[in-house]
């Protein structure tokens with residue numbers, strides 16, 4: 001049984017109150033055991049197939065390929081149950097919580113996809129579920145709030161700070177500090193104190209394992225580029241991981257440039273951040289010289305976060321992965337473009353990856369792009385911005 | 394051992410509170426406002442946010458420390474990111490020491506992450522005060538106490554900072570066990586908000602820390618003088634209750 005990694009180069013660690021350390025030790029031990037337990041793996045594999053609908057297709061996007069001048073496959077996480085990759089992590093962690101005998105589950109959510117996924121998994125296993133969500137995110141992701149309610153979860157609005165994902169994570173951690181003995185915290189991305197970044201990566205790497213096999217079957221060779229959006233970085237670390245040892249495959253992460261990297265309204269923790277501690281791990285964070293964490297900005301609630309998973313900071317420093325950023329406007333335009341080209345409405349998060357691809361077409365080889373979620377949740381936000389197409393659009 | 398948030402509710406009031414503490418406290422725990430204070434409950438979190446909004450910085454805390462540091466020992470309560478920013482733990486330690494501080498509590502820097510910071514603090518002569526929680530296993534508690542400088546901070550309850558109606562029944566046992574492990578004094582904080590609770594804890598512990606209750610008093614006072622009067626009278630009552 002191998003221990004769960006705590007550090008990725010200098011990044012990671014457990015910068016949390018002492019009260020949580022015993023629970024993190026317990027979680028790391030439980031995961032080290034569960035991930036090698038054939039019975040647990042079999043149960044998870046069955047849930048992947050019959051509940052989530054895995055494997056998700058690797059779809060040859062012909063009209064997008066024509067437009068970009070190179071062959072592009074979309075890894076269709078938008079077709080997973082509940083409409084995004086978040087369900088892979090939520091089902092795995094709630095199964096683990098049940099195995100650990102924790103009757104209560106908490107989660108944070110930004111776009112609402114992770115909250116819906118966790119509420120779904122808790123309904124499936126009959127566990128109590130409380131989801132923390134910034135009140136600004138509640139406003140812009142109303143349908144997902146309704147969904148969580150239907151699934152039996154309690155949604156707790158968080159009014160601190162900018163009332164978005166960062167504060168929701170903080171509120172969830174505070175709840176966990178107070179209720180750690182009965183509660184498991186299903187963190188939604190590959191962030192937080194160890195063992196969460198490794199645990200979430202382990203549960204999301206199914207995206208990359210399937211994609212690699214499907215790509216080899218379709219093309220007979222590995223892709224030249226694997227592209228994914230990066231907020232906290234769970235869909236990207238999930239699709240990158242099985243390709244990390246394939247030296248010829250470029251790994252490309254796309255962050256939110258918000259209103260522009262030269263403004264202070266962006267979410268590019270890797271591109272514009274500095275080394276620091278946020279939510280329990282040392283990584284690349286958007287902070288001022290004093291060490292105060294700054295508010296991020298992105299049109300996409302899922303990328304509106306001033307930190308990023310520590311393994312991404314390590315992949316950036318080592319040069320194994322490259323990170324770029326695209327603006328709100330570029331993402332909105334890609335949102336419409338993919339809808340019309342392929343009949344697929346992408347999540348605003350995934351639209352960032354599409355936007356980068358649209359600007360970086362041509363050349364040899366082919367691409368696999370992680371379409372991490374579907375865009376139904378974003379319609380109100382997009383229409384409000386007048387970018388949804390429609391009459392005269 | 395009262396706590397205060399530097400710069401809350403404004404510079405004048407927090408300066409007046411510090412003066413009141415210098416008169417009657419055995420040690421002052423001086424909070425440095427941080428954007429994401431994970432160990433703090435609603436009262437101190439809101440105070441940090443308000444202090445940052447009126448422009449408080451680490452510099453504010455250093456200035457308050459300079460004002461009172463010669464009269465009463467000052468220990469900063471400061472989050473890890475603020476120790477690691479500003480050029481790292483060495484620079485933080487030198488600045489804190491120059492301002493007259495005796496030590497620092499870093500509530501999100503558990504034993505495994507603390508070594509580098511403790512070495513830097515040791516070199517500068519600043520005490521890194523560690524925390525022990527009710528969830529800390531006995532073997533780990535002993536290792537934390539062995540690495541303690543200044544005193545050991547026992548977290549009374551499973552949770553964040555904030556006033557509570559009752560303290561857990563197991564607290565006395567936790568304090569006694571920690572005193573056996575530690576060669577330095579043992580102080581208790583989190584959840585202590587009345588002179589009666591302070592007296593209850595003070596019967597067993599070497600020190601009692603009152604935080605949110607006093608932050609709330611300073612915030613509700615309405616003026617610098619009223620804030621100093623409110624915290625001063627609470628401290629006097631607590632002293633009577635403690636019989637010290």
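Residue numbers (our numbering), protein chains in the order written: chain A, 1 to 393; chain B, 394 to 637. Even glycine gets a Cβ: it sits at the ideal position worked out from N, Cα and C.
### Query
What did DSSP end up calling residue 583 (chain B) once you bin it into helix, strand or coil?
Taking the second chain and counting its residues from 1, one reaches residue 583 (chain B) at position 190. In the structure shown, residue 583 (chain B) sits in coil (DSSP, three-state: anything other than H, G, I, E or B).
Point to revise | Residues that residue 15 (chain A) contacts on chain B, provided the C-beta gap is smaller than 7 Å | key: Taking the first residue of the first chain as position 1, residue 15 (chain A) is located at position 15. What residue 15 (chain A) touches in chain B: 473, 501, 502 and 506.
| query | Do the CB positions of residue 529 (chain B) and residue 433 (chain B) come within less than 7 Å of each other? | reply | Mapped onto the second chain, residue 529 (chain B) falls at position 136. Mapped onto the second chain, residue 433 (chain B) falls at position 40. No, Cβ-Cβ distance for residue 529 (chain B) and residue 433 (chain B) is not below 7 Å.
Requested in this report: Pick out the complete beta strand (DSSP E) segments inside the segment 79-138 of chain A, 3 residues or longer, and give them in chain order.
Outcome: 104-109 and 128-134
Exercise for the section: For residue 278 (chain A), go through chain B and note every residue whose CB falls closer than 8 Å to its CB, in chain order. Expected result: Translated into positions along the first chain, residue 278 (chain A) becomes position 278. Those within 8 Å of residue 278 (chain A) in chain B are 429 and 474.
CA-to-CA distance, residue 3 (chain A) to residue 311 (chain A), given in whole angstroms
As a working mapping, residue 311 (chain A) is identified with position 311 in the first chain. As a working mapping, residue 3 (chain A) is identified with position 3 in the first chain. If you take the alpha carbons of residue 311 (chain A) and residue 3 (chain A), they lie about 16 Å apart.
Next item on the list: Determine the closest residue to residue 540 (chain B) out of B:576, B:635 and B:430, with distance taken between C-alpha atoms.
Entry: Along the second chain, read from residue 1 onward, the residue named residue 540 (chain B) stands at position 147. Checking every option, the nearest Cα to that of residue 540 (chain B) belongs to B:576.
Inset, instruction - Could you tell me the distance, in whole angstroms, from the CA atom of residue 600 (chain B) to the CA atom of residue 580 (chain B)? - result: In the second chain, residue 600 (chain B) corresponds to position 207, counting from 1. In the second chain, residue 580 (chain B) corresponds to position 187, counting from 1. Distance between the alpha carbons of residue 600 (chain B) and residue 580 (chain B): 4 Å.
Given that residue 442 (chain B) touches chain A, what residues does it touch there, using C-beta distances under 8 Å? Position 49 of the second chain holds residue 442 (chain B). Ordered by position in chain A, the residues that pass the 8 Å Cβ test against residue 442 (chain B) are 160 and 161.
Checklist entry - For residue 216 (chain A), is the classification buried or exposed, using 16 other Cβ atoms within 10 angstroms of its Cβ as the cut-off for buried? => result On the first chain, residue 216 (chain A) is found 216 positions in, with the first residue counted as 1. Residue 216 (chain A) is exposed by the Cβ-count criterion.
Taking beta-carbon pairs under 7 Å, can you tell me which members of the segment 447-463 of chain B lie near chain A?
450 and 451
_Can you check whether the C-beta of residue 582 (chain B) is within less than 7 Å of a C-beta belonging to chain A?_
As a position in the second chain, residue 582 (chain B) is number 189, starting the count at 1. Taking Cβ atoms only, chain A never reaches closer than 7 Å to residue 582 (chain B), which makes this a no.
Straight-line CA distance for residue 496 (chain B) to residue 468 (chain B)?
Here residue 496 (chain B) is taken as the residue at index 103 of the second chain, counted from 1. Here residue 468 (chain B) is taken as the residue at index 75 of the second chain, counted from 1. Rounded to the nearest angstrom, the two C-alpha atoms are 5 Å apart.
Inset, instruction - Using 10 angstroms around the beta-carbon of residue 437 (chain B), count the other beta-carbons present and answer buried if the total reaches 16, otherwise exposed. - result: For this step, residue 437 (chain B) is matched to residue 44 along the second chain. Classification of residue 437 (chain B): buried, given that the 10 Å Cβ count is 16 or more.
query: Which residues in the same chain have their Cβ closer than 7 Å to the Cβ of residue 31 (chain A), if we skip the five residues on either side of it in sequence?
result: Here residue 31 (chain A) is taken as the residue at index 31 of the first chain, counted from 1. Closer than 7 Å at Cβ, skipping near neighbours: 4, 96, 195 and 199.
So is residue 528 (chain B) in contact with chain A if we call contact Cβ pairs under 7 Å?
-> Residue 528 (chain B) sits at position 135 when you count from the first residue of the second chain. Judged by the 7 Å Cβ criterion, residue 528 (chain B) is in contact with chain A.
Spell out whether any CB of chain D is found under 7 Å from the CB atom of residue 510 (chain B).
-> The chain inventory of the structure shown lacks chain D, comprising the protein chains A and B.
Nearest by alpha-carbon distance to residue 301 (chain A): which of A:16, A:141 and A:36 is it?
On the first chain, residue 301 (chain A) is found 301 positions in, with the first residue counted as 1. Taking only the C-alpha atoms, the option nearest residue 301 (chain A) is A:141.
**Prompt:** residue 390 (chain A) by DSSP, collapsed to three states: which one?
**Reply:** Walking along the first chain from the start, residue 390 (chain A) turns up at place 390. Confidence at residue 390 (chain A) is low in this model, with a pLDDT of 44, below 50, so the placement of that residue is unreliable and no value is reported for it.
Determine whether the beta carbon atoms of residue 19 (chain A) and residue 591 (chain B) lie at a separation below 7 Å. Locating residue 19 (chain A) in the first chain gives position 19, where the first residue counts as 1. Locating residue 591 (chain B) in the second chain gives position 198, where the first residue counts as 1. No, the pair does not count as a contact, with Cβ atoms beyond the cut-off.
Pairs of beta-carbons, one from the segment 97-111 of chain A and one from the segment 166-186 of chain A, closer than 8 Å: are there three or more?
yes
Can you give me the C-alpha to C-alpha distance between residue 37 (chain A) and residue 1 (chain A), rounded to a whole angstrom? Working through the first chain from its first residue, we reach residue 37 (chain A) at position 37. Working through the first chain from its first residue, we reach residue 1 (chain A) at position 1. Their Cα atoms are separated by approximately 10 Å.
Could you check how far apart the C-beta atoms of residue 372 (chain A) and residue 334 (chain A) are, in whole angstroms? I think they sit under 8 Å. Start at 1 with the first residue of the first chain, and residue 372 (chain A) comes out as number 372. Start at 1 with the first residue of the first chain, and residue 334 (chain A) comes out as number 334. Contact flag wrong, Cβ pair sits at about 13 Å.
- request: Please decide whether residue 244 (chain A) counts as near chain B, where near means a Cβ-Cβ distance under 7 Å.
  value: For the purposes of this step, residue 244 (chain A) is taken as residue 244 along the first chain, with counting starting at 1. No, because no Cβ of chain B sits closer than 7 Å to the Cβ of residue 244 (chain A).
| message | Considering just the uninterrupted stretch of the alpha helix (DSSP H) at residue 536 (chain B), what are its terminal residues? | response | Position 143 of the second chain holds residue 536 (chain B). 531-539 is the span of the alpha helix (DSSP H), which, as asked, contains residue 536 (chain B).
- Task: Return the chain-ordered list of same chain residues with a C-beta closer than 8 Å to the C-beta of residue 509 (chain B), the five sequence neighbours on each side being excluded.
- Result: Position 116 of the second chain holds residue 509 (chain B). So the list reads 482, once near-sequence residues are dropped.
message = Less than 7 Å between CB atoms is the rule here; does residue 594 (chain B) satisfy it with respect to chain A?
response = Stepping through the second chain from its first residue, residue 594 (chain B) is reached at position 201. Output row for residue 594 (chain B): interface = no.
Near-chain A residues of the segment 544-560 of chain B (beta-carbon distance less than 7 Å), N- to C-terminal order | 548, 551, 552 and 553
Taking CB distances under 7 Å as the criterion, tell me whether residue 519 (chain B) reaches chain A. For the purposes of this step, residue 519 (chain B) is taken as the residue at position 126 of the second chain. Not closer than 7 Å to any Cβ of chain A, the Cβ of residue 519 (chain B) fails to qualify, so no.
key: Spatially closest choice to residue 585 (chain B) from B:631, B:613 and B:484, by CA coordinates   = Counted from its first residue, the second chain places residue 585 (chain B) at position 192. If we check each option's Cα against that of residue 585 (chain B), B:631 comes out closest.
What residue range is occupied by the uninterrupted beta strand (DSSP E) comprising residue 255 (chain A)?
-> To locate residue 255 (chain A), count along the first chain from 1; it is residue 255. From DSSP, the beta strand (DSSP E) with residue 255 (chain A) extends over 250-258.
query = Does the beta-carbon of residue 446 (chain B) have 16 or more other beta-carbons within 10 angstroms, so that it is buried, or is it exposed?
reply = Within the second chain, numbered from 1, the residue matching residue 446 (chain B) stands at position 53. Per the 10 Å Cβ criterion, exposed.
Subject >> N- and C-terminal bounds of the alpha helix (DSSP H) containing residue 470 (chain B) >> reply: Here residue 470 (chain B) refers to the residue found at position 77 when the second chain is read from its first residue. No alpha helix (DSSP H) holds residue 470 (chain B); the beta strand (DSSP E) holding it covers 467-470.
So residue 395 (chain A) contacts chain B; which residues on that side make the cut at Cβ distance below 7 Å?
No statement about residue 395 (chain A) is possible, as the shown extent of chain A runs from 1 to 393 and does not include it.
- Report all residues from its chain with a CB closer than 6 Å to the CB of residue 454 (chain B); omit the five preceding and five following residues, and keep chain order. Residue mapping note: residue 454 (chain B) aligns to position 61 of the second chain, counting from 1. Excluding sequence neighbours, residue 454 (chain B) sits near 399, 423 and 425.
State whether the segment 139-155 of chain A contacts the segment 58-67 of chain A, with contact taken as three or more CB pairs (one from each stretch) at a distance under 8 Å.
no
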